[in-house]
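To start, the structure itself, in structure tokens.
2 protein chains.
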Amino acid sequence: MTTFSFFGGKGGVGKTTVSSAFGLNCARAGLETLVVSTDPAHSTSDVFDQQFGDEPTPVSGYDNLHAMEIDPEEVVDEHLSDLRRQLGQQLSPAMVNEVSMQLEMAHQTPGAYEAALFDRFVEVMRTAEEYDRVVFDTSPTGGTLRLLALPEYLQQWIERLLHKREKSIEYYERAAIGEQQARKMMEGDPIIARLQERKETFEFAGETLRDDARFTFVLNPDDLSIRETRRALADIQEADLSVAGLVVNRLTPEPDPDEQGRGATYLRDRVETEQERLAEIRETLDPPVVAEIETRVREVKGSLLEDVAEEIELDP
Amino acid sequence: MTTFSFFGGKGGVGKTTVSSAFGLNCARAGLETLVVSTDPAHSTSDVFDQQFGDEPTPVSGYDNLHAMEIDPEEVVDEHLSDLRRQLGQQLSPAMVNEVSMQLEMAHQTPGAYEAALFDRFVEVMRTAEEYDRVVFDTSPTGGTLRLLALPEYLQQWIERLLHKREKSIEYYERAAIGEQQARKMMEGDPIIARLQERKETFEFAGETLRDDARFTFVLNPDDLSIRETRRALADIQEADLSVAGLVVNRLTPEPDPDEQGRGATYLRDRVETEQERLAEIRETLDPPVVAEIETRVREVKGSLLEDVAEEIELDP
């Protein structure tokens, strides 16, 4: 069975590092693993020093490890082309042009990006049966979190739309009693087929997220990060999803015990402040702290990633 | 005349600190200043150690300085109530119930939040004539940026909707030649009035953003932050908006020159890496670096904020 591990947390806390290191650990434990990034800045390619695209690609140097990066712009463009193609089958050419213009404008509005991304997410979940673990590097704060809570709402909505469409066809059929042509409308109705398909997608996404997904939050030992994580945890719980653990990233290293000077004082003050924050995290946030990772001087990649992976004791 | 200063940058780089410090400098220069935050974590209240709400409130301890925090959840709820009230005036009670249910579900979908926030943004801009400077603490990466690029697209869309509505009323009138009642429809049509109002809102927002707004990006001296800023700058330029400058925040302090030990080595390595990133920022990003701010051990608030304000030499 495939387990889906979502790594969340606000931008800049080190989600990509942590999720890549976790993916590495899973692969080393012998599990077929896929790391999926939706970060438009494409950090996964940086971490593994290898270019990834929209399809799963083996990560060089490691067995059982694949990675892919979903390009949000591309997803929106594809979504638009798909819709156009479907319209072409259902509408007259004159109507297609008109609707197509409206669609193009609609794709520039907020929400279009999230909707397209959601579809791509579900597609990846649906076609992942060859993997034991799929690791999503994504942000369940803000936009992405609303996405995860979406299936339930959208399901209700689709059901209403479906009901209305069926009613209106029913009226049409009744009005056309005796005409064989009209009586067959419901079966072949492309709108009902499409709505039914959407409904199944949302059901699948809701079930998978509730039953086969684990959420881990990455945060830094500072007030802002703690506050945002608290909010995100509340939202995740409201969506009936549960969080397995917290990873505290970017802890400042201590100076030597006998070290004196401006630098040592700065570092000791910082370590002290961070320890207070860490205590607050343990005391006031529900999920357990499953890993503490020290900050690095340079961006985590290559052998530094293997170092970090060893600091993560997350159950793969 | 009111100038609108937008501070952008990805989460966690210190936008709230920088925009609050900038607001403080504006107020001290004798300008009536309003700081507006859309951060759901409400950092502005933390920085000034004072609770702010949805209306401008004087900041204690400072002349000419006001602050407000837009609560995104509340904005969405109000938006929903407004729509319901308007519907009540235009539809039959039975229809209101049905549409109201659909609306409630629509408000859970992605985009609803952004749409509501956009309206509130514009409202603040429209009613800000008593201030010389309005400082927006917001993120022009991702969602907010798409918002700023929106007026132009939405304007085209609304114009098409308006055109369609006028056409359909025209046909209706033609079909009802002689009936006085029908001929007067266009003038009093509530949908045309509403579309016209939206059109003016988008025109105002587009003009104000182009003519009276300045954008400043806050970033940290690391790869990820540089990459995201590069992307955001490209998007902002595509939306025909210009960026006045870059603020590099969170620079690591140097140890004493003669300091030895693990701590001093760590800090020197870090400072060296950050200086490389700073050089990259100056060489590869267009807007000038207008301020460099050293990292603080604790969260910036109170007297620490005044310290930071002195490090910002941004032209108010």
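Protein chains in written order, with this note's numbering: chain A, 20 to 335; chain B, 20 to 335.
Just so it is clear, CB atoms sit at the ideal spot from N, CA and C, and this is done for glycine as well.
Close-in-space but distant-in-sequence residues of the same chain around residue i (CB under 6 Å, 5 per side omitted)
i, result
"B:K218", "I177"
"A:G161", "Its pLDDT being 48, under 50, A:G161 is placed unreliably by the model, and nothing is read from it."
"A:L43", "A328"
"B:E325", "none"
"A:S56", "T63, E88, D156"
"B:T248", "F236, L238"
Cβ of residue i within 8 Å of any chain B Cβ
i, result
"A:E285", "Glu is not the amino acid found at residue 285 of chain A; the sequence shown has Tyr there. So yes, A:Y285 belongs to the interface."
"A:L243", "yes"
"A:T220", "no"
"A:S62", "yes"
"A:S56", "no"
"A:T336", "Residue 336 of chain A cannot be examined here, being either before or after the span of chain A that is shown, 20 to 335."
"A:G282", "yes"
"A:E318", "yes"
"A:D230", "no"
"A:V266", "no"
"A:D96", "no"
"A:L92", "The residue you asked about is not Leu; residue 92 of chain A is Glu in the sequence shown. Output row for A:E92: interface = no."
"A:E278", "yes"
For residue i, the three-state DSSP class (helix, strand or coil)
i, result
"A:P209", "helix"
"B:V32", "coil"
"A:L260", "coil"
"A:P77", "strand"
"B:V319", "coil"
"B:D156", "strand"
"A:S56", "strand"
"B:T63", "helix"
"B:S24", "strand"
"B:A86", "strand"
"A:L50", "coil"
"B:F71", "coil"
"B:A328", "helix"
"B:F41", "helix"
Endpoints, alpha helix (DSSP H) assigned at residue i
i, result
"B:E273", "No alpha helix (DSSP H) contains B:E273, which DSSP labels as neither H nor E."
"A:E148", "Careful: A:E148 lies outside any alpha helix (DSSP H) and carries neither H nor E."
"A:A298", "281-303"
Same chain, Cβ closer than 8 Å to residue i, neighbours up to 5 away in sequence not counted
i, result
"A:L214", "I177, L180, L181, R184"
"B:S332", "In the sequence as presented, Ser is not what sits at residue 332 of chain B; that position holds Glu. If we look at B:E332 and ignore the five residues flanking it on each side, its Cβ neighbours are V309, A310."
"A:E273", "L286, R287, V290"
"B:T146", "none"
"A:V32", "V237, L238, N239, S244, N268, R269"
Residue-chain proximity (residue i, chain A), Cβ-Cβ < 8 Å
i, result
"B:T303", "no"
"B:K186", "no"
"B:P112", "no"
"B:P77", "no"
"B:T288", "In the sequence as presented, Thr is not what sits at residue 288 of chain B; that position holds Asp. For B:D288, the answer is yes, since a Cβ of chain A falls inside 8 Å of its Cβ."
"B:K29", "yes"
"B:P272", "yes"
"B:T292", "yes"
"B:V32", "yes"
"B:D275", "yes"
Close Cβ partners of residue i (< 7 Å) along its chain, the five nearest in sequence each way excluded
i, result
"A:D58", "T35, D156"
"A:L50", "N83, D151, R152, P335"
"A:Q70", "S64"
"B:T76", "H85, A86, M87"
"A:V78", "F67, Q69, L84, H85, A86"
Residue range of the unbroken beta strand (DSSP E) whose run includes residue i
i, result
"B:E313", "308-313"
_If contact is defined by three or more beta carbon pairs under 8 Å, each pair taking one atom from either stretch, is the segment 296-305 of chain B in contact with the segment 233-245 of chain B?_
By the criterion of at least three beta-carbon pairs nearer than 8 Å, the segment 233-245 of chain B is in contact with the segment 296-305 of chain B.
*asked:* Counting beta carbon pairs with one atom in the segment 218-237 of chain A and one in the segment 255-268 of chain A, are three or more of them shorter than 8 Å?
replied: The answer is yes - the segment 218-237 of chain A touches the segment 255-268 of chain A, with three or more Cβ pairs under 8 Å.
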